[in-house]
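Numbering-wise, numbering that gives the first Met the number 0 puts 37 at position 38 of the sequence shown, and it's gapless, one number per residue. By construction, the Cβ of each residue, glycine as well, lies at the ideal position given by its N, Cα and C atoms.
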Amino acid sequence: MVYKETCTSCGVGLIDEGYSVFLCPNCGNEVIGRCKTCREHSTPYVCDNCGFQGP
Ligand SMILES: [Zn+2]
Ligand SMILES: [Zn+2]
Numbered sequence: 000m001v002y003k004e005t006c007t008s009c010g011v012g013l014i015d016e017g018y019s020v021f022l023c024p025n026c027g028n029e030v031i032g033r034c035k036t037c038r039e040h041s042t043p044y045v046c047d048n049c050g051f052q053g054p
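Take a look at the structure:
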């Protein structure tokens, strides 16, 4: 189980329900966090490890 404290896109703390945490689909080495708001708005994120960008 991967773990991340903050949303990768906006930096908000991942405490409310509805967030998701997953490994980068491109490199698989960076944990991506997405808060509920960013999921609902499909806010882009950028992987710190490989630079992959996506919703
Ligand atoms: Zn967010
Ligand atoms: Zn990556």
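| Asked | Found |
| --- | --- |
| N-terminal and C-terminal residue of the alpha helix (DSSP H) that Lys35 is part of | Lys35 to Glu39 |
| Where Thr7 sits in the DSSP three-state scheme | coil |
| Cβ-based neighbour list, Ser19, same chain, cut-off 6 angstroms, excluding 5 preceding and 5 following | Arg33 |
| Reference His40; option with closest CA among Pro24, Cys49, Asn28 and Gly53 | Gly53 |
| Assigned secondary structure, Val1 (DSSP; H/G/I helix, E/B strand, else coil) | coil |
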